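> Taken in sequence, the protein lines are chains U and V. Numbered according to the numbering used here, the first sequence spans residues 1 to 241. Numbered according to the numbering used here, the second sequence spans residues 1001 to 1241. Structure in structure tokens, see below.
Protein chains: 2
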Amino acid sequence: MTESNRLSMDALQISCQNCSLSQLCLPVTLSVEDVNRVDELVQREKPLHKGDFIYAQGDVFKSIYIVKSGSVKSYITDADGREQMLGFYLPGDLIGLAGVEGNRQRCSAKVLETSSFCEVPFDSLEKLASRIPALQHQLFKLFGKQLCVEGEQLVQLGQKTAEQRVAWFLLDLSARFARRGLSSAEFYLSMSRHDIGNFLGLAVETTSRIFTRLQQDGIIEVNRKQIKILEHDRLKQLVES
Amino acid sequence: MTESNRLSMDALQISCQNCSLSQLCLPVTLSVEDVNRVDELVQREKPLHKGDFIYAQGDVFKSIYIVKSGSVKSYITDADGREQMLGFYLPGDLIGLAGVEGNRQRCSAKVLETSSFCEVPFDSLEKLASRIPALQHQLFKLFGKQLCVEGEQLVQLGQKTAEQRVAWFLLDLSARFARRGLSSAEFYLSMSRHDIGNFLGLAVETTSRIFTRLQQDGIIEVNRKQIKILEHDRLKQLVES
DNA sequence: CTCAAATGTTGATACAGATCAAAAAAACCT
DNA sequence: AGGTTTTTTTGATCTGTATCAACATTTGAG
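So, in structure tokens, the structure goes:
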């Protein structure tokens, strides 16, 4: 296959029109022309690798990003250098919205495994949004969704036991994989135990112990980073009890 | 003073044009005409009293609200009935943004003391925003700001000790009062110790003890709900240590 | 004004989860 | 492949904060 061939195939494959993720990041009835207008804004860079930054805390805010493949973690580093995980992002998820305020990225976004992205310059997107009401509405909804996600996280950190937090974490991921057409019962954790613990406000050791305990109880099966949920219902019970 | 007199004075007083809070909720250079267009959307209802709901979790999302006077708490009630405080709102603060997602209020907003509000129907605001780019931009920024606020909260809940959380809480309020032209050193807490504890992920007893300890250490002076910050710097040190 | 209910404070105790320590397992180099 | 580093697991101990209990204070209702 010649280089030009590959390029044209890529160009064909990569457009919002036929992107399987568009139901996640553009779940709105935009006309074909409108989708194409959005599509024209999208910059598709080379894939990034594990440990690479999409952006770092303090960077000038320019674009938002949509995960096309792979996964990403975002976290805040506070005054005394400690990190607080804010979230993990899967294909179709949007990253960087909080940056609008103050024109600076409020957190760092680091790639957990080789991943690719769509980059959308926010000022262009804004301009387009004021011409396409449905797009504007969609953007507001995406902001609102992010607020809900963080609200749910606050509930977890504020009230739940270590076991409940881990159970919630697994169920949340499970549901998110399911929405992407992947197995809700068996999946791979691209983030470290340390990251999971930090995200949930727990020490690494506690996180590890809970995984072990859930396995001993026959609720999940853990194989390193591969997780199998054996008893979805009991996991759910744990979270709500 | 006749009834009609009072009404007209109210009408005069209450407009975005001359509202002292507009720098908080509309901090953007909109033209006089544009501000008036926003103003036309604003519904100003009678004040609500302590314990009244602005909206309850699950209500259909219709409007966003700006606190004009008084204060408000917002919280999520989860499956097993426990509440998690999401935030406290002061004059100029916006409430209800998270509701855009799913068209339902994601949390309840309850009035902490007699308070008044501006209600802005969101669909009208959206329509106006697509005609006024600066307004659209401002709305995006307000969403972004809310995301930052919640991100900061996650850092607090995830990493800090009880003492650090209370110190942060006091400094945060202090700064917010200051931005409203009120004293940053002395203020009134309209929320209960229970609410503060819940917000910070602490038991009431712990919260109360920390207030006492901070007072014993000469850092603050507590008189029931009246707080005086004596040593702003030591408070700041606590948060960052 | 008086009593009941709600809110706040203080003390004693228990325990979940942090921290310390060390070994085991994986991942990463060159 | 072999050696180094990183990540994960497991065990022992410690501690901050929750919980339980009791009392004090404030608020609110009639």
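Where a beta carbon is used, it is the ideal one built from N, C-alpha and C, also for glycine. Computed from a predicted structure; not experimentally measured.
How many Å lie between residue 49 of chain U and residue 1124 of chain V at the Cα?
Here residue 49 of chain U is taken as the residue at index 49 of the first sequence, counted from 1. Here residue 1124 of chain V is taken as the residue at index 124 of the second sequence, counted from 1. Cα-Cα distance, rounded: 44 Å.
> Scan the region 1094-1106 of chain V for residues whose Cβ lies nearer than 8 Å to a Cβ of chain U and list them as they occur along the chain.
So the list reads 1097, 1098, 1099, 1100, 1101, 1102 and 1106, given in the order they occur along the chain.
> Please list the partners that residue 1201 of chain V has in chain U, where partner means a Cβ-to-Cβ separation under 8 Å.
Translated into the one-based positions of the second sequence, residue 1201 of chain V becomes position 201. Near residue 1201 of chain V (Cβ distances below 8 Å), the residues of chain U are 157, 158 and 159.
> Please classify residue 1219 of chain V: does DSSP put it in a helix, a strand, or coil?
The residue labelled residue 1219 of chain V in the question sits at position 219 within the second sequence. Coil at residue 1219 of chain V, not helix or strand.
> What's the C-alpha gap between residue 168 of chain U and residue 158 of chain U?
Taking the first sequence and counting its residues from 1, the one referred to as residue 168 of chain U is at position 168. Taking the first sequence and counting its residues from 1, the one referred to as residue 158 of chain U is at position 158. The alpha-carbon atoms of residue 168 of chain U and residue 158 of chain U are separated by roughly 13 Å.
> For residue 126 of chain U, which residues in chain V fall below 8 Å Cβ to Cβ?
By 1-based counting over the first sequence, the position of residue 126 of chain U is 126. 1133, 1136, 1137 and 1140, listed in chain order.
> Let me make sure I understand the geometry here. Which of V/1179, V/1180, V/1170 and V/1154 has the alpha-carbon closest to that of residue 84 of chain U?
Along the first sequence, one-based indexing puts residue 84 of chain U at 84. When only C-alpha atoms are compared, the closest one is V/1154.
> Tell me the rounded alpha-carbon separation between residue 72 of chain U and residue 88 of chain U.
Along the first sequence, one-based indexing puts residue 72 of chain U at 72. Along the first sequence, one-based indexing puts residue 88 of chain U at 88. Each residue's Cα considered, the two are about 6 Å apart.
> So if DSSP puts residue 120 of chain U in a beta bridge, which residue, or which two residues, is it bridged to?
Taking the first sequence and counting its residues from 1, the one referred to as residue 120 of chain U is at position 120. Answer is U/64, bridged to residue 120 of chain U.
> Look at the Cβ atom of residue 1067 of chain V, then the Cβ atom of residue 1030 of chain V, and state whether they are nearer than 8 Å.
Looking up residue 1067 of chain V in the second sequence gives position 67. Looking up residue 1030 of chain V in the second sequence gives position 30. Result no, Cβ atoms of residue 1067 of chain V and residue 1030 of chain V do not sit closer than 8 Å.
> Does any residue of chain V bring its CB to less than 8 Å from the CB of residue 205 of chain U?
The residue given as residue 205 of chain U occupies position 205 in the first sequence. Residue 205 of chain U does not count as touching chain V.
> Would you grab the beta carbon distance between residue 1122 of chain V and residue 1054 of chain V for me? Rounded to a whole angstrom, and I think it's under 8 Å.
Walking along the second sequence from the start, residue 1122 of chain V turns up at place 122. Walking along the second sequence from the start, residue 1054 of chain V turns up at place 54. Not quite, the Cβ-Cβ distance comes to about 14 Å (not below 8 Å), so this is no contact.
> Can you tell me which of the three DSSP states residue 1295 of chain V falls into?
Outside the modelled stretch of chain V, which goes from 1001 to 1241, sits residue 1295 of chain V, for which no answer is possible.
> Could you work out which residues of chain V lie near residue 147 of chain U, taking near to mean beta carbons separated by less than 8 Å?
Residue mapping note: residue 147 of chain U aligns to position 147 of the first sequence, counting from 1. Result: 1097, 1098, 1101, 1106, 1143, 1146, 1147 and 1150.
> Is the distance from the Cβ of residue 98 of chain U to the Cβ of residue 1096 of chain V below 8 Å?
On the first sequence, position 98 is the one that residue 98 of chain U refers to. On the second sequence, position 96 is the one that residue 1096 of chain V refers to. For residue 98 of chain U and residue 1096 of chain V, no; Cβs fall outside 8 Å.
> Reducing DSSP to helix, strand and coil, say where residue 56 of chain U ends up.
Counting from one through the first sequence, the residue named residue 56 of chain U turns up at place 56. In the structure shown, residue 56 of chain U sits in coil (DSSP, three-state: anything other than H, G, I, E or B).
> Along chain U, in chain order, which residues have C-beta atoms closer than 7 Å to that of residue 1130 of chain V?
For the purposes of this step, residue 1130 of chain V is taken as residue 130 along the second sequence, with counting starting at 1. The answer, in chain order, is 130, 133 and 136.
> Between the region 1064-1076 of chain V and chain U, which residues of the former have a C-beta closer than 7 Å to a C-beta of the latter?
Cβ contacts with chain U: 1076.
> Who are the near neighbours of residue 1165 of chain V in its chain, counting only those whose CB is closer than 6 Å to its CB and skipping five residues on each side?
Position 165 of the second sequence holds residue 1165 of chain V. Counting only Cβ-Cβ distances below 6 Å, and skipping sequence neighbours, we find 1156 and 1200.
> What is the residue span of the alpha helix (DSSP H) that residue 109 of chain U lies within?
As a first step, residue 109 of chain U is located in the first sequence; it is residue number 109 there, counting from the start. Not the alpha helix (DSSP H): residue 109 of chain U falls in the beta strand (DSSP E), residues 108-111.
> Measure the beta-carbon distance from residue 1101 of chain V to residue 141 of chain U and round it to whole angstroms, keeping in mind my assumption that it falls under 8 Å.
The sequence position of residue 1101 of chain V within the second sequence is 101, counting from 1. The sequence position of residue 141 of chain U within the first sequence is 141, counting from 1. With a Cβ gap of about 5 Å, residue 1101 of chain V and residue 141 of chain U count as contacting.
> Short of 6 Å in beta carbon distance, which residues of its chain neighbour residue 11 of chain U, apart from the five on each side in sequence? Order them along the chain.
In the first sequence, residue 11 of chain U corresponds to position 11, counting from 1. With a pLDDT of 45 at residue 11 of chain U, under the threshold of 50, the predicted position of this residue should be treated as unreliable, and no value is reported.
> Skipping 5 residues on each side, what residues in its chain have a beta carbon closer than 8 Å to that of residue 240 of chain U?
Here residue 240 of chain U refers to the residue found at position 240 of the first sequence. If we look at residue 240 of chain U and ignore the five residues flanking it on each side, it has no Cβ neighbours.
> In angstroms with no decimal places, state the Cα-to-Cα distance between residue 1189 of chain V and residue 1176 of chain V.
What you label residue 1189 of chain V is simply residue 189 of the second sequence in a count that begins at 1. What you label residue 1176 of chain V is simply residue 176 of the second sequence in a count that begins at 1. Rounded to the nearest angstrom, the two C-alpha atoms are 13 Å apart.
> So which residues on chain V does residue 86 of chain U lean against when the C-beta distance must stay under 8 Å?
Numbered from 1 along the first sequence, position 86 holds the residue referred to as residue 86 of chain U. Residues of chain V passing the Cβ test: 1151 and 1154.
> Measure the Cβ-Cβ separation of residue 183 of chain U and residue 116 of chain U and say whether it is below 8 Å.
Residue numbering aside, residue 183 of chain U sits at position 183 when the first sequence is read from its first letter. Residue numbering aside, residue 116 of chain U sits at position 116 when the first sequence is read from its first letter. Cβ distance not < 8 Å, so residue 183 of chain U and residue 116 of chain U don't count as in contact.
> Give me the residue from V/1138, V/1207, V/1051 and V/1022 with the minimum Cα distance to residue 1194 of chain V.
By one-based count along the second sequence, residue 1194 of chain V stands at place 194. With distances taken between Cα atoms, residue 1194 of chain V lies closest to V/1207.
> Taking buried to mean at least 16 other C-beta atoms within 10 Å of its own C-beta, is residue 32 of chain U buried or exposed?
Taking the first residue of the first sequence as position 1, residue 32 of chain U is located at position 32. The residue in question, residue 32 of chain U, is exposed, as its Cβ has fewer than 16 Cβ neighbours within 10 Å.
> Which of helix, strand or coil does DSSP assign to residue 1073 of chain V?
In the second sequence, counting from the first residue as 1, residue 1073 of chain V sits at position 73. Residue 1073 of chain V: strand per DSSP, three-state reduction.
> Going by the DSSP bridge assignment, what does residue 187 of chain U pair with across the sheet?
Sequence index remark: in the first sequence, residue 187 of chain U carries index 187 (1-based). In DSSP, residue 187 of chain U forms a bridge with U/227.
> List the whole-angstrom C-beta distance separating residue 235 of chain U from residue 219 of chain U, where the pair is believed to meet the contact cut-off of C-beta under 8 Å.
For this step, residue 235 of chain U is matched to residue 235 along the first sequence. For this step, residue 219 of chain U is matched to residue 219 along the first sequence. Correct: roughly 6 Å between the Cβ atoms.
> In the DSSP assignment, what are the bridge partners of residue 1084 of chain V?
In the second sequence, residue 1084 of chain V corresponds to position 84, counting from 1. DSSP, once it has assigned bridges, lists V/1076 as partnering residue 1084 of chain V.
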